[in-house]
Each structure stands twice: as structure tokens, then as C-alpha cells.
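Notes for the one structure printed next.
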Amino acid sequence: MAARTSAETPEACVRSDAALTRAFTVLGKRWTAVVLGSLSAGPAGFRELSRAVGRVSDSVLSDRLSELTCNGLVARTVDEGPPVTVSYQLTDRGLALMPALHQISVWAAEHLPAEEA
């Protein structure tokens, strides 16, 4: 029998489970990852994001953007104009998440059935 590595100890699993719980408390809400993925292309205004994300309601998109801003993944910038414009962009913390989201996307494409329209 092979020896356990430190990553396989019960304590490491508990720490990992706690970290996953914290991550999916933020990321597990519907549309959150799609909003983040849309912002990976660069800053966008609310309407741009709404079109990019698709079937999300304005109130849900607004909620997700607020949550992502509060969690430090997205920055909200107001240009006083005229006209007043608001744009959103990924912070360094949000950018650091993109490789993991890409890997989840690859996994989903390989292992989950595609939704039918």
C-alpha cells in the first residue's frame, strides 16, 4: 500500500472541503461563472453583459454583479459623463480565477451532456 501524501490526509481533505464550500458559496449561483467568463474578454457595460450572458434577467445580473463586486472579483467604474456610464471589469482576483473556470468548462464539455435548445 502506498503512503499517503499530505494532500490525502483527513485534515487536508477537511481544509479542501471548507475552501470548496467558500468558493461555491460565491461561484455556485446561477449565471455567476458566465458573467465572469464574459468579463474575461475585457471591461463591459451592463447592457453589453446582458447581451453576452443571454437569458439572465436584469435583476439577477445586477445581483450577480453586486455580489462579485463585494467579493472583490469585479470592479465597478462610474464615468460621470455626460452621460453617466458604468462599466465592470475583472480585478486581479477575478483574473486569477479564469484558468480554473476554463478547466471547469473543458471538463463540462467532455463529461456533461449538452443542453438542448
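First residue of the sequence shown: 1, per full-length UniProt numbering; consecutive thereafter. We treat Cβ as the ideally placed atom computed from N, Cα and C, and that holds for glycine. Predicted model only: the values in this text are computed from it and were never measured.
- Cβ neighbours of T69 within its own chain (closer than 6 Å, five residues either side excluded): R76.
- Beta-carbon to beta-carbon, L73 and L36 are separated by about 7 Å, close enough to satisfy the 8 Å threshold.
- The bridge partners DSSP lists for R76 are Y88.
- By DSSP's assignment, G45 forms a beta bridge with S87.
- In the structure shown, the three-state DSSP call for R30 is coil.
- Straight-line spacing of the CA atoms in A41 and L27 works out to 19 Å.
- Following the DSSP letters along the chain, one finds L65 inside the alpha helix (DSSP H) bounded by residues D58 to C70.
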